[in-house]
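Structure first, then comments.
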Amino acid sequence: MKQVRLARARARGAVVVEYAFLLVAIAVPAMAGIGAGGVAMVREYNAARSAILRPMP
Numbered sequence: 240m241k242q243v244r245l246a247r248a249r250a251r252g253a254v255v256v257e258y259a260f261l262l263v264a265i266a267v268p269a270m271a272g273i274g275a276g277g278v279a280m281v282r283e284y285n286a287a288r289s290a291i292l293r294p295m296p
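Printed below as a string of structure tokens:
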């Protein structure tokens, strides 16, 4: 019984390590890209918003 619990605990630990690796490999670079392009994105958003809200095209 103790060996089964130990095996399950190791499997859960492996899942946590894999999840942490995925966060580092995918989420962190994605957030860095959004942060790096954020200024340009906000500038384009404001230009599009003002064009849409303009009374005359």
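Reminder that position 42 of the sequence shown reads as 281 in the working numbering, one-by-one numbering, no gaps.
For each residue, glycine too, the CB sits at the ideal point set by N, CA and C.
Nothing here was measured: the structure is a model prediction, and the numbers come from that model.
- Message: I need the boundaries of the alpha helix (DSSP H) containing Val263, first residue and last residue.
- Response: Element bounds for Val263: n/a, residue is neither H nor E.
- Going straight from the alpha carbon of Ala250 to that of Leu261, what length do you get? Rounded to the nearest whole angstrom, the CA to CA distance from Ala250 to Leu261 is 17 Å.
- Message: Tell me the residue span of the alpha helix (DSSP H) that contains Arg282.
- Response: From DSSP, the alpha helix (DSSP H) with Arg282 extends over Val267 to Leu292.
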